[in-house]
Amino acid sequence: MITRLSLVLLLSSSCGGVTQASPGRSHGASSDEFEDRAREVAERWQGSADDRAWRKGFVALEVLNPQGWAHVGRIPAWVNRSSHNGAWQLAAKLPKGSPDRADVRWPDGEVSQVPLITAASAYAQFSKPAGLIEEECPAKGCRPLRVTGARLGKVPLETSRGMIDVPAWVFTVEGVEQKKVHVAVDPSAVTARPTRVQGDVEEVMAFDLVAGKPNDLLLRYGYGACDTIHGARAYETDRLVVVDVDERRSDSAGVCPAVLKTATAAVTLARPLGDRLVLDSGTGLPVLRGLSRR
Numbered sequence: 020m021i022t023r024l025s026l027v028l029l030l031s032s033s034c035g036g037v038t039q040a041s042p043g044r045s046h047g048a049s050s051d052e053f054e055d056r057a058r059e060v061a062e063r064w065q066g067s068a069d070d071r072a073w074r075k076g077f078v079a080l081e082v083l084n085p086q087g088w089a090h091v092g093r094i095p096a097w098v099n100r101s102s103h104n105g106a107w108q109l110a111a112k113l114p115k116g117s118p119d120r121a122d123v124r125w126p127d128g129e130v131s132q133v134p135l136i137t138a139a140s141a142y143a144q145f146s147k148p149a150g151l152i153e154e155e156c157p158a159k160g161c162r163p164l165r166v167t168g169a170r171l172g173k174v175p176l177e178t179s180r181g182m183i184d185v186p187a188w189v190f191t192v193e194g195v196e197q198k199k200v201h202v203a204v205d206p207s208a209v210t211a212r213p214t215r216v217q218g219d220v221e222e223v224m225a226f227d228l229v230a231g232k233p234n235d236l237l238l239r240y241g242y243g244a245c246d247t248i249h250g251a252r253a254y255e256t257d258r259l260v261v262v263d264v265d266e267r268r269s270d271s272a273g274v275c276p277a278v279l280k281t282a283t284a285a286v287t288l289a290r291p292l293g294d295r296l297v298l299d300s301g302t303g304l305p306v307l308r309g310l311s312r313r
């Protein structure tokens, strides 16, 4: 929900404008209140360290190396169990003298150099047992995971700048068809995704473009069982679009179940989105494209 904020830091009204999904409809928060919040969000993000990293840095939108057998398809249950318990054995010499840096090519054609970790460092990281082990070895059928070789390859990774191929160590494991893949980019080169301030409430979860309607965005949002939805809104600048969904509690609502529902709503922009970034008015953070997220 939108609350009125201080106007001290707001941009002048000439820097952008509000588009309503359904002009003339009643909204729980006034257009002025939404515009105040949206201007503050746009000003805070524009030119910030988070903005620079999101547009020109290396911000991964997924965990580089989550616990388990990442970056591959479905694997046998015993492999996951053995990996979870740290049942690894090194049965080969790992490559030495590998490059300490490698090129990463971004979707816009720009090339960056990133530092790499060694195969030995990668093995040391993934061969540790998980912090919480529920199924001990060997009582539940764990088997040794014998590493018989490693090579430097690539793996796709989603970032704030689009999908890229990143260097990765590819390990061969005896008796397992799938390779064990570990992203080789040194974590020091990766900027963490910005996180919401405590107390901020997410208004819009995800968005997508609408086929055949270049000016339209389809927003996915969450709402409560007793909320009434009055449409989506967007505030536009040359580089940003701030969005929200106008919702309010029904006056006749009594006790409401604590259930989060989701739905979609379309909003029409003054011009096509282009390369502008979409921000959520509730958290002030980027909204990711793809309605199936989370």
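In short: position in the sequence shown from 1, add 19, done, that's the working numbering. Glycine included, C-beta positions come from ideal geometry on N, C-alpha and C.
Per DSSP, the continuous beta strand (DSSP E) segment holding N234 begins and ends at K232 to G243. DSSP lists R239 as the bridge partner or partners of T283. Within the DSSP bridge table, the entry for E266 names I248 as partners. The beta carbon of L176 lies closer than 8 angstroms to those of A79, E81, L83, M182, I183, D184, V185 and V202 in the same chain, with the five residues before and after it left out.
When only Cα atoms are considered, S300 and R71 end up about 19 angstroms apart. With 16 or more neighbouring CB atoms inside 10 Å of its own CB, L135 falls in the buried class.
Looking only at A139, G76 and L151, the smallest Cα-Cα distance to V166 is reached by A139. Excluding residues up to 5 positions away in sequence, P291 lie with their Cβ nearer than 7 angstroms to the Cβ of P233 in the same chain. Put simply, the stretch 260 to 270 touches the stretch 278 to 297. At least three CB pairs are less than 8 angstroms apart.
Distance from the CA of R295 to the CA of V220, rounded to the nearest whole angstrom, comes to 23 angstroms.
If you look at V123, you'll find it isn't in any alpha helix (DSSP H); it sits in the beta strand (DSSP E) that goes R120 to R124. Distance from R239 to T191 at the Cβ level is roughly 41 angstroms; contact not present, criterion being Cβ atoms closer than 8 angstroms. In this structure, the CA atom of R312 is about 7 angstroms from the CA atom of A225.
A Cβ-Cβ separation of about 16 angstroms leaves V209 out of contact with H90 under the 8 angstroms criterion. Following the DSSP letters along the chain, one finds H103 inside the alpha helix (DSSP H) bounded by residues A96 to H103.
Taking the CA atoms as reference points, A121 sits about 25 angstroms from Q197.
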